[in-house]
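Residues 9 to 578 (the working numbering) make up the sequence shown, in order. What follows is a single structure, written as structure tokens, with notes after it.
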Amino acid sequence: MTEKLVDYQRVAESLPDHNTIWPLYGAGLENLGKEGQTIDIPMPSIGADELLVRHDACGICFSDIKVIKLGQEHPRIYRNMRSSPVVLGHEVSMTVVGVGKNLRGQYAVGDRFIIQADVYVKGVGYAYGYEIEGGFSTYGKIDQRVLNGDEGNYLLRVRSSTGYAESALTEPWACVIAAYQLDYRTSLKAGGVTWIIGSGADDSRPYTLSAGFDADSHPAKLLYSRLPPAFEAWLKQKAAELHIETVPVSNLSAPPVEKVDDIVLLGADVAALEAASPFLANSGVFAIIADQPMARSAQVDIGRIHYNRWVYVGGTDPDIAKAYNAAPVRSPLKTGGRAWFVGAAGPMGRMHVQRALQVPNGPKQVICTDVSDHRLQDLYESFKGEAQANEIEYICLNPARPEDAAKLAAYQAEGFDDIVMLAPVPKLIADSMPFLAKDGVMNIFAGVARGTMAAYDLSSTYLNGVRVIGQSGSTIEDLRSMLDQGEAGILSRNRAVAAVGSLSAFRNGLVAVQDATFPGKVVIFPHIKDFPLTPIENLKDALPTVYAKLKDGREWTVEAEAEFLRLMLP
9 MTEKLVDYQR VAESLPDHNT IWPLYGAGLE NLGKEGQTID IPMPSIGADE LLVRHDACGI
69 CFSDIKVIKL GQEHPRIYRN MRSSPVVLGH EVSMTVVGVG KNLRGQYAVG DRFIIQADVY
129 VKGVGYAYGY EIEGGFSTYG KIDQRVLNGD EGNYLLRVRS STGYAESALT EPWACVIAAY
189 QLDYRTSLKA GGVTWIIGSG ADDSRPYTLS AGFDADSHPA KLLYSRLPPA FEAWLKQKAA
249 ELHIETVPVS NLSAPPVEKV DDIVLLGADV AALEAASPFL ANSGVFAIIA DQPMARSAQV
309 DIGRIHYNRW VYVGGTDPDI AKAYNAAPVR SPLKTGGRAW FVGAAGPMGR MHVQRALQVP
369 NGPKQVICTD VSDHRLQDLY ESFKGEAQAN EIEYICLNPA RPEDAAKLAA YQAEGFDDIV
429 MLAPVPKLIA DSMPFLAKDG VMNIFAGVAR GTMAAYDLSS TYLNGVRVIG QSGSTIEDLR
489 SMLDQGEAGI LSRNRAVAAV GSLSAFRNGL VAVQDATFPG KVVIFPHIKD FPLTPIENLK
549 DALPTVYAKL KDGREWTVEA EAEFLRLMLP
């Protein structure tokens, strides 16, 4: 290791008097920087309870593209960007270069960290790379919002032997593993609001609630509509015994509350389902109790499934409780099952596929589809070794090719146990749902906006046990779990690196991510000399000694990064 790199790691060099940043003044790439370039501003000064950090590496996320498109209309931006620009970058690795006097003893110059970007203080979000200036700058300031937020300290310590790029990519990897660690309620929410909607007095099925409506656990408020008389009388009696407020609702489009934790539909009334669904709360559950198929597909807000963790469950038994716990919602991939990754060849898709092929007790058949032949071939070549070693049938198809489309269609008869949606295309999501097998799970990972509707045959929910789930982001526990797995060598984060560049290459990196140019992640190193955005395979000509340290000429390594920094640090 060279003296220059050692000095960098130990922060032996003197700090400059300025901070180089990419300011974003509003929506559109034309509002990034000044005349398309970075600007220099004074080095941040820190108080007694603050840290000064050096941004060592930062991955470009498609979420950054969303901020570019929306500007201050983005839900995580609260300020006037024209006068107070945003500095993006939440997939970031950082080193402490300055410690406020009250924090000495807890932190030291040279300490390395990653950050859980979703910082909350008293319930208000101050996300790193959104409200707090992020990693596409040379330096940043960490204040008490980060060090003492609602979930404690949002910094996680990184080993000195861990690479900068792999540290930065812990954050997107945490989002991936979080998708398979989701928990859902298995009963009515205790202390919540429940709304039970019937199909009228002519319904003679013997409905009941064997759990979740008793002394041990029950909602605080019960809304009811169009219930069969006998069941309505039973509910009211139980509610009176348990001191549950009961409220009749005649108009399904205007209940007397803004949000409902549990909505229960008795019967296969599609119109009632569509009218009531918008009132589901965050992490709300919609349970359907019916034994006949619905007359048509329902229009369902799949954006809310993704962002608000809505879930539709159901069953044929008239005991409502069984719709919750007879077939609990599964988020891990089915052991020994068949999994389909839709839009698999993009940066996040590759992570999902890598995990599926490497995780113990995973699927035995992995089907990947994408409409880019180049990225699909790269995906196959990258992970075929793991598939063979773990005896997993691994198939990559481009449905834009008729012969591949025919192969994909042949899977519909048996169906998939898991479908992971990595493309935010509503029609594609809707068209994929019929491919779910009995008790199959679709995980909507791709970010589709709230209010995005898709046709969904919810008959499969109660007749075949099908579940559609989704999630956005990750928690600090997910980040810690992924950091532990990465540093233990269980999941390699470096395999996601597709292109590298200096801070000056950030704008081109955004365009590349927007245009899906590369099969993996773009990582920016803010402290190296000017270096254009470069696919790592092109390092063979640009920096041959770095290329020589890649794994198989295609995978970033800690050794390649060290050589890269040896050459490129000023």
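C-beta: ideal position from N, C-alpha, C; glycine also. Computed from a predicted model, the values in this text were never measured in an experiment.
Residue i - containing beta strand (DSSP E), residue span
i	result
Val456	Counting along the chain, Val456 falls outside any beta strand (DSSP E), and DSSP gives it neither H nor E.
Gly322	Val319 to Gly323
Asn333	Note, Asn333: premise wrong, no beta strand (DSSP E); alpha helix (DSSP H) at Ile328 to Asn333.
Thr377	Gln373 to Thr377
Glu99	Glu99 to Val107
Arg165	Leu163 to Arg165
Arg62	Leu59 to Gly67
Tyr402	Glu401 to Leu405
Thr553	Where Thr553 is concerned, there is no enclosing beta strand (DSSP E), although the alpha helix (DSSP H) it sits in stretches over Pro552 to Tyr555.
Ile73	Segment Phe70 to Leu78 is the alpha helix (DSSP H) holding Ile73; no beta strand (DSSP E) there.
Ser233	Lys229 to Ser233
Gly478	Arg475 to Gly478
Met461	Met461 to Tyr464
Residue i versus residue j - alpha carbon distance
i	j	result
Gly208	Lys77	47 Å
Asn259	Phe453	34 Å
Asp426	Asp64	37 Å
Glu389	Ile150	41 Å
Ile403	Glu411	14 Å
Gly79	Val531	23 Å
Gly157	Asp57	13 Å
Tyr320	Asp309	11 Å
Ala347	Ala457	25 Å
Leu558	Arg503	10 Å
Gly354	Ala520	12 Å
Leu518	Val433	21 Å
Asp381	Ala20	47 Å
Glu266	Lys330	27 Å
Arg488	Leu164	7 Å
Ala238	Asn316	35 Å
Phe391	Asn546	20 Å
Delimiting residues of the alpha helix (DSSP H) encompassing residue i
i	result
Asp486	Ile484 to Glu495
Asn516	Phe514 to Gln522
Gly509	Per DSSP, Gly509 belongs to no alpha helix (DSSP H); it is in the beta strand (DSSP E), Val505 to Ser510.
Met429	Counting along the chain, Met429 falls outside any alpha helix (DSSP H), though it belongs to the beta strand (DSSP E) covering Phe424 to Met429.
Ser291	It is not in any alpha helix (DSSP H) - Ser291 instead sits in the beta strand (DSSP E) that spans Leu288 to Ile297.
Gly311	Ile310 to Asn316
Ile437	Pro434 to Ser440
Met356	Pro355 to Gln366
Glu11	Glu11 to Arg18
Arg153	Gln152 to Leu155
Tyr6	This structure cannot settle anything about residue 6, because the visible part of the chain is limited to 9 through 578.
Supposed contact pair residue j and residue i - C-beta distance, whole angstroms, cut 8 Å
i	j	result
Pro227	Gly206	Not quite, the Cβ-Cβ distance comes to about 17 Å (not below 8 Å), so this is no contact.
Ala173	Val505	6 Å
Ala431	Val350	6 Å
Lys109	Arg574	Between Arg574 and Lys109 the Cβ distance is about 35 Å, and since that is not below 8 Å, they are no contact.
Ala352	Cys376	4 Å
Val127	Tyr136	6 Å
Pro527	Leu405	Wrong, their Cβ atoms sit about 16 Å apart, outside the cutoff.
Reduced DSSP category for residue i - H, G, I as helix; E, B as strand; rest coil
i	result
Asp412	helix
Met302	coil
Phe391	helix
Ala186	helix
Leu196	coil
Thr565	coil
Leu274	strand
Phe572	helix
Phe239	helix
Gln245	helix
Tyr215	coil
Tyr172	helix
Tyr136	strand
Ala280	helix
Asn27	strand
Gln114	coil
Ala445	strand
Contact with chain C by residue i, beta-carbon distance below 8 Å
i	result
Leu274	This model lacks chain C altogether, as it is built from one protein chain only.
* Should the stretch 335–343 be regarded as contacting the stretch 465–477, the criterion being three or more beta carbon pairs within less than 8 Å? -> Touching, per the Cβ criterion.
* Could you tell me whether the stretch 96–105 touches the stretch 51–66, where touching means 3 or more Cβ pairs closer than 8 Å? => Contact holds: three or more Cβ-Cβ distances are below 8 Å.
* Asked: Do the stretch 275–285 and the stretch 423–443 make contact, defined as three or more Cβ pairs closer than 8 Å?
  -> Touching, no.
* **Touch test, the stretch 288–305 against the stretch 463–470, Cβ-Cβ under 8 Å, three pairs minimum** => Because the criterion of three Cβ pairs below 8 Å is met, the stretch 288–305 and the stretch 463–470 touch.
* Three or more C-beta pairs closer than 8 Å, one from the stretch 130–143 and one from the stretch 82–102: is that the case here? -> Output reads yes: the stretch 82–102 touches the stretch 130–143.
* Examine the Cβ distances between the stretch 68–75 and the stretch 36–51 and report whether three or more of them are shorter than 8 Å. => Judged by Cβ distances under 8 Å, the stretch 68–75 makes no contact with the stretch 36–51, as fewer than three pairs qualify.
* Pair every Cβ in the stretch 357–371 with every Cβ in the stretch 433–440, then say whether three or more of these pairs are closer than 8 Å. => The stretch 357–371 vs the stretch 433–440: no contact.
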